[in-house]
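Participant:
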Amino acid sequence: MSSQSLPGDRPSFPPDRLASPAGHLGPPWAQLAEIVACAVAEDLPAGDPTGAAVGPRPAEASLVARQAGTVAGLVAAQLVLDEVSRRLGTGPARATLWVEDGSRVGASEVLGVLAGPADTLLAAERTVLNLVTHLSGVATMTASAVDAVAGTGAVIRDTRKTLPGLRAVEKYAVRCGGGSNHRMSLSDAILVKDNHVAALGGVRGAIEAARRRTGTAGGPDLALEVEVDDLAQLDEALAAGAGLVLVDNLSLQDTAEAVRRANSHGAEVEASGGLKLDNVRAVAASGVKYLAIGALTHSAPALDIGLDWRM
């Protein structure tokens, strides 16, 4: 390990002072800590004999973006180092970040440096990279969608199509990419979907049943949204007073007509189903308020990020 700085070394952003992107909610620290503890326990059930063979000699390694993208999850690096050190009884290590979560980075850009005992760094490497590459993939796909609809006024939103146990951090990554969060859980809002409609015999009946659960009827004061599959259901929802309607898998022409009809009732439209980077701008241009894209969390490819030893 060399104590020399790399060319282009920049001031660090220690995790305890790291600000989240402007206007965004900060990292979900409690959930991150739980995920890190689980991941480290999974990776180190009985220590790391290979890393132990290297021993506690001082070491440094750089987090390097192999491809351009938007990063998220870097704030977890210090949590992983601390948990590995605690679990193995190895010496403490430090993550010095050079960029913030939500930053757009280029290929070969150094994102930060991990420094400390070699055995601690080696044991932490895969857990750090698993979290950072996955969450940065989510942030990168989100940023691409946000770029695609720029200037239309439409908002990119996620869904509940998340990996079990990772919802809070995946939705944080969506925010890092410039997107917005829909419901965090079923408890957060009322969304009347197709199976609710089927169970209650129609759109109006489902809306009326849902309203009895909102603040207007003494229940929890929750936002109410209604999913519809065609323009006939849309008209029924609007007649029942729906203020936000989710149109699912409608054609572009029908989506534009849904926006026109909804706006005439003072309502707004969210589009979902089949939304991809090559069609999302056309759908946004129809006048919808929101674009719900489940792929942001269930299909985002990992952003290639590596850990390079600094000798």
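All you need for our numbering is the position in the sequence shown, starting with 1, plus 553.
Note that CB positions come from ideal geometry on N, CA and C, so glycine has one too.
Comparing alpha-carbon positions, which option in LEU828, ALA592, LEU791 and GLY659 lies nearest TYR843?
Facilitator: LEU828
Participant: Count the CB pairs spanning the stretch 713-728 and the stretch 752-762 that are closer than 8 Å, and state whether there are at least three.
Facilitator: no
Participant: Please specify which runs of the beta strand (DSSP E), each continuous and at least 3 residues long, are wholly inside the stretch 633-665, giving them in chain order.
Facilitator: 647-650
Participant: Counting Cβ pairs, one atom from each stretch, are 3 or more of them under 8 Å apart for the stretch 658-667 and the stretch 592-608?
Facilitator: no
Participant: Just tell me which of LEU627, ASP596 and ALA594 has its CA closest to the CA of TRP582.
Facilitator: LEU627
Participant: Whole angstroms are fine: how far does the CA of VAL624 sit from the CA of THR693?
Facilitator: If you take the alpha carbons of THR693 and VAL624, they lie about 7 Å apart.
Participant: Do you know how far the Cα of ILE588 is from the Cα of ALA815?
Facilitator: 42 Å
Participant: How about VAL836 and LEU805: are their beta carbons less than 8 Å apart?
Facilitator: yes
Participant: List, from N- to C-terminal side, the alpha helix (DSSP H) runs of 4 residues or more that fit wholly inside the stretch 751-838.
Facilitator: 756-764, 784-792, 805-817 and 833-837
Participant: Using the beta-carbon count (16 or more within 10 Å), is PRO854 buried or exposed?
Facilitator: With fewer than 16 other Cβ atoms within 10 Å, it is exposed.
Participant: Have a look at ASP774 and VAL685 and give me their C-alpha separation to the nearest angstrom.
Facilitator: 36 Å
Participant: Is there contact here, the stretch 632-642 with the stretch 675-691, by at least three beta-carbon pairs under 8 Å?
Facilitator: yes
Participant: For a quick check, are the C-beta atoms of THR808 and ALA793 less than 8 Å apart?
Facilitator: no
Participant: So, for THR715: in the same chain, excluding its five sequence neighbours on each side, which residues have a beta-carbon less than 8 Å away from its beta-carbon?
Facilitator: GLU723, LYS724, THR850 and HIS851
Participant: Please return the same chain residues whose Cβ sits closer than 8 Å to the Cβ of GLU810, not counting the five positions on each side in sequence.
Facilitator: LEU784
Participant: Between ILE877 and ALA848, what straight-line distance do the alpha-carbon atoms span, to the nearest angstrom?
Facilitator: Here the chain covers residues 554 to 864 and nothing more, so residue 877 does not appear.
Participant: In angstroms with no decimal places, state the Cα-to-Cα distance between ALA838 and ALA707.
Facilitator: 8 Å
Participant: Starting from VAL708 and walking both ways along the alpha helix (DSSP H), at which residues does that stretch end?
Facilitator: Unbroken run through VAL708 is the beta strand (DSSP E), 708-710; no alpha helix (DSSP H).
Participant: Confirm, please, whether the CB-CB distance from PRO670 to ALA646 is below 8 Å.
Facilitator: yes
Participant: Buried or exposed, going by whether 16 or more other CB atoms sit within 10 Å of the CB of ALA648?
Facilitator: Buried.
Participant: Answer yes or no: do ALA845 and THR705 have a C-beta to C-beta separation smaller than 8 Å?
Facilitator: Contact: no.
Participant: Quick one: measure Cβ to Cβ for ALA594 and LEU632, integer angstroms, because I've assumed they're closer than 8 Å.
Facilitator: 13 Å between Cβ atoms; not a contact.
Participant: Am I right that ASP782 and ASP801 are in contact with their C-beta atoms under 8 Å? What's the rounded C-beta distance?
Facilitator: That belief holds up - the Cβ atoms of ASP782 and ASP801 are roughly 6 Å apart, short of 8 Å.
Participant: How big is the Cα-Cα spacing for ILE858 and PRO611?
Facilitator: 23 Å
Participant: With DSSP as the reference, please indicate the residues paired to SER733 in a beta bridge.
Facilitator: ARG710
Participant: Measuring straight from C-alpha to C-alpha, what distance separates GLY732 and ARG834?
Facilitator: 15 Å
Participant: Suppose the cutoff is 7 Å on Cβ atoms and the five residues either side in sequence are ignored; what does the same chain contact list for VAL699 look like?
Facilitator: ILE709, GLY730, GLY731 and GLY732
Participant: Can you round the beta-carbon distance between ALA660 and ALA618 to whole angstroms, since I take them to be within the 8 Å contact cut?
Facilitator: 6 Å
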